[in-house]
Amino acid sequence: MKHLKTIVLLTFLFPISFNLFAQEKEESSLSFYGFIRNDLFFDTYKGVESIMDQFYLMPNYKGIDANGEHLNEQGSAHLSAVSSRLGLKVAGPEILGANTIANIEMDFSGVTTVDPVLVRIRKAYYKLTWENSNLLVGQNWHPMWGGSCYPTTGSLNTGAPFQPFNRSPQINYTATLNKIDLSAAAIYENQYVSRGFYAPTNSKEKTLPKRNAGIPEVVLSAVFNSGNFTVGAAAQHNTILPIDHTTGNNGSTYVSDQMHNSSAALAYIQFKNENLKVLAKSVYGQNLANLTMLGGYGVKSIDANTGAYEYTNYTHSASFLNVVYGKTYQLGFFAGFTKNLGTTDALAGTSDEVKTAGLMTNIQTLYRLAPHISYNVKKFKVAVEYEMTSAEYGTGAINTDNGLYNSTIDATNHRLLLTTTYLF
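Per the numbering used here: the sequence shown = residues 16 to 439.
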């Protein structure tokens, strides 16, 4: 009898719940999108990379052998489809007088340094849009990415590490005044993180420097659109807690609350019409590692009693030019250059004992030249790209006065890429 009552109740409620779901569904429209992408590539020098070399940043110098040959100057090749993508866009009902949309997007790049064949989140946000403003909450491209002003390349790296590359959880408010979009964003970290001194480093602890600081990264930006031209600028400030406890000279453990602060700025200009796109962008800043750019910081002093650290930033400048012409048949060229300007203050300790954190702070200069040609027809694209990336690594003893090296050695990778993409 009890089960019979349950069945009768469910039979009564099902049409009501189905009708409510149908009404709610009518207020939203769903659209799927994505692509299947296959990358076939050959490299001459093993790199600093992720996704099994597919996202190649720079050659990774590991020294030379007894014959004077580079240990990592070895050819490798791979074919991969893990960058294929699936997304869902939702146009929802009006809320608080605003039009609403949502977007969730994934690919198969996984935990890129551990298992690069797992589904991972790329975007997951909702956006409320009023007449002259909008509010975005969730994971999306970092404001320093530049909105629609990013490089067109054959490679998956899309110009990184010369172009900021980061998707992060954020609250981003934008107000439009005439033709200028003014934005303020509060950002935390997920996959693209600031480096710290926590040990051991693993996937669960990699966001600790940002999480333990408790203070979001703040980015203010302005974008001016007029006809075929877009001009943008942004300023960023980031605070992290590089380590939460230290060991004193007596062997005791002490809580560390010494925050580390860094700042950066960028500017760019883009011209774009039906057949031509020209984009130039420059970034100048400190500790840029969370943007997948060269950068970091070092320890400038160590308390003799508690082992507490004080920090100093590395400053880097990075610029690139991207020119693309054509529609069905497309020719493109990317040229980028980064320079390490050293630390603000002297590093603590001797040249063999300095403590630094970041992304390749031992590279003095880095440049890339990458022409490509592509054929685009309907929903299909095939592209061929030659990419040369050369890094000038510091070797020998580090100069503690500025964090740079007096002697250097060049490491250069030549990549030949063939990529095909089917869009839907």
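Even for Gly, the Cβ is constructed at its ideal location relative to N, Cα and C.
- By the criterion of a C-beta distance shorter than 6 Å, Lys77 is surrounded in its chain by Leu86 and Asn87, once the five residues flanking it on both sides are discounted.
- Below 8 Å, enough C-beta pairs join the region 300 to 309 and the region 272 to 282 to call them touching: three or more.
- For Arg226, the enclosing alpha helix (DSSP H) begins and ends at Leu223 to Ala228.
- When the five nearest sequence neighbours on each side are left out, the beta carbons in the same chain lying within less than 6 Å of the beta carbon of Tyr188 are those of Leu150 and Ala199, in order along the chain.
- Put simply, of Phe57, Asp68, Asn118 and Met67 the residue whose alpha carbon is nearest the alpha carbon of Ser43 is Asn118.
- Annotation: Pro176 is outside any beta strand (DSSP E) and is labelled neither H nor E by DSSP.
- Residues Leu55, Phe56, Phe57 and Asp58 of the same chain have their beta carbon placed closer than 8 Å to that of Ala92, with the five preceding and five following residues left out of the count.
- Collapsing the DSSP output to three states places Pro158 in a helix.
- Taking the CA atoms as reference points, Glu120 sits about 6 Å from Leu103.
- Counting only the Cα atoms, Trp160 lies some 10 Å from Ala249.
- Within the same chain, Cβ atoms closer than 8 Å to the Cβ of Val369 are found at Gly313, Val314, Leu362, Ala363, Ile413, Thr415 and Gly418, the five residues on either side in sequence being excluded.
- Rounded to the nearest angstrom, the gap between the Cα atoms of Asn264 and Pro257 is 20 Å.
- Here DSSP, grouped into helix, strand and coil, assigns Asn265 to coil.
- Assignment of Leu256 by DSSP, reduced to helix, strand and coil, places it in the coil class.
- Thr436 is positioned such that its CB atom lies closer than 9 Å to that of Ala398.
- DSSP lists Leu291 and Leu346 as the bridge partner or partners of Tyr340.
- If you ignore the 5 residues before and after Gly90, its C-beta comes within less than 8 Å of the C-beta of Phe57, Asp58 and Thr59, all in its own chain and listed in chain order.
- Where Leu432 is concerned, the enclosing beta strand (DSSP E) starts and stops at Leu419 to Leu438.
- CA-to-CA, the gap between Ser332 and Thr353 works out to about 6 Å.
- Distance from the CA of Ile317 to the CA of Thr268, rounded to the nearest whole angstrom, comes to 14 Å.
- Phe50: member of the beta strand (DSSP E) spanning Ser44 to Asp58, first to last residue.
- For Ala363, the three-state secondary structure derived from DSSP is coil.
- Between Ile424 and Ser46, the alpha-carbon positions lie close to 51 Å from each other.
- Judged by beta-carbon spacing, His157 lies within the 9 Å limit of Ser183, meaning their Cβ atoms are closer than that value.
- Around the beta carbon of Asp68, 16 or more other beta carbons sit within 10 angstroms, so the residue counts as buried.
- In the structure shown, Asn305 adopts helical secondary structure according to DSSP, grouped into three states.
- Per DSSP, Val134 is not a residue of any beta strand (DSSP E), being assigned neither H nor E.
- Beta-bridge annotation (DSSP): Gly373 is paired with Gly311.
- The DSSP-derived three-state label of Val105 is strand.
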